[in-house]
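What follows is one structure encoded as structure tokens, with my remarks underneath.
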Amino acid sequence: MRPTGTIEVALLADEEVPTSFQVLSKSFGHDAPFVDIYFPDHDTVSGQAQGSKRLTQWKQTSADSTFLKAVTRGFQEGQDHIIGLAIWTYMREAPPPELDKVEDVEEVWPDKDDRKYMTRLWRDYVIPRTQAIKDSCGKGVYVLEMLAVHPDYQRLGAGAALVKWGTQAADEHGLKPACGAAPGLRTGGS
């Protein structure tokens, strides 16, 4: 039976990052090479701990990034559940094409081949963001960095609601939203 109820979008609290990371992991499974390599072993306890730590650090250190959750209301008796995650970032400057400027590459990817592969993917990942920023004539853009919806709750509008939040924020500031997926990255439901 398909769940019924409403979905709301709200800011994600630090203590909710581990739950949202589990949603991210289940959403993508092993069908998205970028997620698999960017978050090594994301479907294991240690991988989820590392991924949650990295997301929390990002959340706490980037004033321009907004971490959102999609929450169910009324799907189950009196319980709200995080079913989706989105990260929107207001970018005025292009992200560095060098992965080691934004990540501790040797800690996250101790295997040299994994590190080389992720470094190549990262360079491809920043290309559309860099171009969108150049095209903004100095205004910057709102970039959808991550979107994931738990597989049990896909096709109920959570992804659309998370995207709508960012596109409205961009509109309110007279900016363009950038929502394109990177090579090797499929969307994690909607």
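FYI, in our numbering the residues of the sequence shown are -6 to 183. Here a beta-carbon is modelled for each residue, glycine too, at the ideal position from N, C-alpha and C.
Burial state of residue i, where buried means 16 or more other Cβ atoms lie within 10 Å
| i | result |
| --- | --- |
| K62 | buried |
| E138 | buried |
| Q15 | buried |
| V156 | buried |
| G152 | buried |
| A175 | Residue placement at A175 is poorly supported in this model, since its pLDDT is 48, which falls under 50; the coordinates still yield a value, given next. Per the 10 Å Cβ criterion, buried. |
| G181 | Its pLDDT being 45, under 50, G181 is placed unreliably by the model, and nothing is read from it. |
Neighbourhood of residue i by C-beta distance below 8 Å, restricted to the same chain and skipping five residues each side
| i | result |
| --- | --- |
| T49 | D7, V10 |
| P33 | G40, Q43, V101, W102, D107 |
Through-space distance from residue j to residue i, alpha-carbon basis
| i | j | result |
| --- | --- | --- |
| R179 | D106 | Low per-residue confidence applies at R179: pLDDT is 41, beneath 50, and the placement is therefore not dependable enough to give any value. |
| Q53 | F60 | 10 Å |
| H35 | Q41 | 5 Å |
| G87 | S55 | Note that residue 87 is Ala in the sequence shown here, rather than Gly. Going from the Cα of A87 to the Cα of S55 covers about 14 Å. |
| E96 | P144 | 29 Å |
| D128 | Q72 | 44 Å |
| D93 | E99 | 9 Å |
| A79 | S58 | 10 Å |
| A154 | K46 | 26 Å |
| L140 | Q147 | 12 Å |
| E165 | D104 | 44 Å |
| H23 | G167 | 37 Å |
Own chain, CB closer than 6 Å to residue i, minus 5 neighbours either side, in chain order
| i | result |
| --- | --- |
| H74 | T65 |
| P90 | R116, V119 |
| T160 | P170 |
Cβ pair residue i, residue j closer than 8 Å
| i | j | result |
| --- | --- | --- |
| V119 | K169 | no |
| V2 | W102 | no |
Inter-residue CB distance, residue i and residue j (contact presumed, cutoff 8 Å)
| i | j | result |
| --- | --- | --- |
| S13 | L5 | 6 Å |
| G187 | V142 | A query on residue 187 cannot be resolved here, the shown segment of the chain reaching from -6 to 183 and no further. |
| M84 | R122 | 6 Å |
| A171 | A125 | 4 Å |
| L114 | F27 | 6 Å |
| W81 | V136 | 7 Å |
| I0 | G131 | Going by Cβ atoms, the distance from I0 to G131 rounds to 36 Å, so no, they are not a contact pair. |
Nonlocal neighbours in the same chain, by C-beta distance under 7 Å from residue i, ignoring five residues either side
| i | result |
| --- | --- |
| I30 | D107, Y110, M111, L114 |
| W51 | S58 |
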